[in-house]
Each structure stands twice: as structure tokens, then as C-alpha cells.
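Every letter in the sequence shown is one number past the one before it in the working numbering, and letter 114, counting from 1, is 431. We put the CB at the ideal spot given by N, CA and C, even for glycine. Treat the numbers as computed from the prediction; the structure is a model and nothing was measured. Read the structure below first, then the notes.
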Amino acid sequence: MKRNLLGRTGIEVSELCFGTLPFGPLQKNLPVEEAAALLQAAFARGINFVDTAQIYKTYEPIRLALRGAKERPVIATKSPAKTYEAMQKAVDEALAALELDYIDIFYLHAARAGVEVFTEREPALRCLLENKKAGKIKAVGISTHSVKVTAAAAGRDEIDVVFPIINIDGMGILEGTKEEMEAAIAGCEKQGKGVVLMKVLAGGTAADRYAEAVNYARALKGYHSIAIGIISFDELAYNVDFFTGKA
């Protein structure tokens, strides 16, 4: 599995990031032990990057999977918290639930927010920055569906990693076009940001065009990893084989 440095963070991640939302209680609701076993199988196949979030409620299977991991994977989580206190609670919750000393990447969970997010959630962002200074977070980021937020993040020194939506159909992109999002992503990378792509299969609607959709994302300038939700061992095998050139 190819690995890339995530911008200027110094964090090395597999090109394929394991998205945990679909196997959690909000969607497929796999048994905790099965989800943990699926993650461990992913680690064995070369995936070292896991995406989760406070609202996904998938910390438990990740914690169990980590106990059996030969290599500590990169863990990214996120919170929609707006206040300093709420964000600190989210950070403490993640550290305790995952049994970790630090979180690799902690995002502002801001999928539908506009550029006002940087002022409206300034206390939450400040909290993340202070936790980074204290060594409890390695990199601070923002997850977004907005072209304008993605473009603005490129010029903000406090943002290390950007997690934008992009897909072949332009599904779910806000405040701009697919082409404008492509340019914003390239701009983030040019400014040294780590870039992780989300929803490259357009929320599953492009799953029947998997190769076309994933190859579109992999051809973009400026990305370092692609997050794809995985809910079965067959899906894991197919994704890994595709990303490693075996499918």
C-alpha cells in the first residue's frame, strides 16, 4: 500500500484511509468485535489510516483493533463542538475512549458550514491548537463540503489538514462547482496542507462505477489519502487490491 506524507505534518498515511462511519451504529451497525476484526485485517493489508468522529460512535471497535495492531495507525477524529469547553470534552473523550496519549489529527467537523466557521468556532479551534501545543493532538484540521472553506483553509496557518468532499459527479459540493473544488484542493496542497478526500464514491451512488470514480479522485492534484467507508471483508479486499494494483 502506497504511503504519502500528509502535507507538512510529518505524518505518513496510506493512500487508502479506512472510513468507519458505515460500519458503526449510524449505518450498518456491525457487532463491535466484527468491526474490530475488520480493522485489524485492514492493518494487516497495509492500511495505517483510520477516520472516525465523535458522532460516529465507533471508538470502541477502534480501541479493540488497536490492542492487536503491530503498528500504531494514524487516527483522525472530529467534533462539531463550537465552544472551548465542548471541544475540550470531545478531545478528552477521544483520548479516553481510544486509550491513546494523543490523537494524530483532530478536525473541526464542519461539513455544511461556510467560511464563518473560522470565527464562529474560534474558541473550539483555539482549544484544538492548545491541545496540539500540549502534545495531545499532532495536527489540526477541518472537514468540509464547501469550496469556499476549502479555499480559505489553504491560507490559514492554524489548519494542518483539510478533508474536503470531491467526486466525479460533484455530488454534495457546496458553495462552488466540482472544478472549483479541484482548484481549491490543489491550492491547499500548494500551501503545504495535508489533503484527505471524502465521498469519492458520491455517497455510494457511484459505487457501480468504482474504477472510474476512484481513478478520477486519484488523478487529482494535491491529495494525499482517500477515505472510503468499508463494511465487509470482501469490500476491504476489493479496495486494497484496487489501490495496490491487483484489481
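Just to check my reading of the structure: Glu332 and Lys319 have Cβ atoms closer than 8 Å, yes? What is that Cβ distance to the nearest angstrom?
Numbered from its first residue, the sequence shown carries residue 332 at position 15. Numbered from its first residue, the sequence shown carries residue 319 at position 2. The pair is a contact, with the Cβ atoms about 5 Å apart (cut-off 8 Å).
Asn532: first and last residue of the uninterrupted alpha helix (DSSP H) it sits in:
For the purposes of this step, residue 532 is taken as residue 215 along the sequence shown, with counting starting at 1. Where Asn532 is concerned, the enclosing alpha helix (DSSP H) stretches over Tyr527 to Arg535.
What residue from Cys505, His462 and Gly336 has the CA that sits closest to Val367's CA?
Taking the first residue of the sequence shown as 1, we reach residue 367 at position 50. For the residues Cys505, His462 and Gly336, the minimum Cα distance to Val367 belongs to Gly336.
Status (buried if at least 16 other CB within 10 Å, exposed otherwise) for Glu350:
Here residue 350 refers to the residue found at position 33 of the sequence shown. With fewer than 16 Cβ atoms within 10 Å of its Cβ, Glu350 is classed as exposed.
Going by the C-beta, is Ala403 closer than 7 Å to any heavy atom of the ligand GTP?
For the structure depicted, the ligand GTP is absent and the ligand set is empty, with no information on it obtainable.
Those residues which DSSP pairs with Phe423 across a bridge
Position 106 of the sequence shown, counting from 1, holds the residue named residue 423. Thr394 and Val457, per the DSSP bridge assignment.
Rounded to whole angstroms, what is the Cα-Cα separation between Leu425 and Ser396?
Within the sequence shown, residue 425 is the residue found at index 108, counting from 1. Within the sequence shown, residue 396 is the residue found at index 79, counting from 1. Rounded to the nearest angstrom, the two C-alpha atoms are 6 Å apart.
Under the three-state DSSP convention, the category Phe503 falls into
The residue you call residue 503 lines up with position 186 of the sequence shown. Sequence check: residue 503 is Ala here, not Phe. Three-state DSSP puts Ala503 in a helix.
Taking the continuous alpha helix (DSSP H) assigned at Pro481, which residues delimit it?
Against the sequence shown, residue 481 aligns to sequence position 164. Unbroken run through Pro481 is the beta strand (DSSP E), Val478 to Pro481; no alpha helix (DSSP H).
Where the beta strand (DSSP E) containing Leu491 begins and where it ends:
For the purposes of this step, residue 491 is taken as the residue at position 174 of the sequence shown. Taken as a continuous stretch (DSSP letters only), Leu491 belongs to no beta strand (DSSP E), as it is neither H nor E.
DSSP state of Asp551 mapped onto helix, strand, coil
If you number the sequence shown from 1, residue 551 lands on position 234. In this structure, Asp551 counts as helix in the three-state DSSP scheme.
Among the candidates Val517, Glu377 and Pro342, whose CA atom is the shortest distance from the CA of Ile490?
Counting from one through the sequence shown, the residue named residue 490 turns up at place 173. Checked all of Val517, Glu377 and Pro342; the closest Cα to Ile490 is Val517.
Beta-carbon within less than 6 Å of Asp558's beta-carbon, same chain only, minus the 5 sequence neighbours each way: which residues are those?
In the sequence shown, the residue the question calls residue 558 occupies position 241. Around Asp558: Ala564.
Span of the alpha helix (DSSP H) holding Leu435?
Residue numbering aside, residue 435 sits at position 118 when the sequence shown is read from its first letter. The residue asked about is misnamed: residue 435 is Phe in this sequence, not Leu. Per DSSP, Phe435 belongs to the alpha helix (DSSP H) from Val434 to Glu437.
Restricting to Cα atoms, I'd like to know which of Thr494, Leu415, Gly539 and Leu356 is closest to Val514.
By 1-based counting over the sequence shown, the position of residue 514 is 197. The sequence as given places Leu at residue 514; Val does not occur at that position. Of Thr494, Leu415, Gly539 and Leu356, the residue nearest in Cα terms is Gly539.
Starting from Ile379, trace the alpha helix (DSSP H) in both directions and tell me its first and last residue.
Counted from its first residue, the sequence shown places residue 379 at position 62. Tyr376 to Arg384 is the extent of the alpha helix (DSSP H) around Ile379.
Taking the continuous beta strand (DSSP E) assigned at Leu338, which residues delimit it?
As a position in the sequence shown, residue 338 is number 21, starting the count at 1. Element bounds for Leu338: n/a, residue is neither H nor E.
Going by beta carbon distance, what residues of the same chain come within less than 6 Å of Ala352, once the five residues before and after it are set aside?
Position 35 of the sequence shown, counting from 1, holds the residue named residue 352. Excluding sequence neighbours, Ala352 sits near Phe340 and Pro378.
Rounded C-beta distance between Asp409 and Ala456? I'm assuming under 8 Å.
Looking up residue 409 in the sequence shown gives position 92. Looking up residue 456 in the sequence shown gives position 139. Actually they do not touch by this definition, with Cβ atoms about 18 Å apart.
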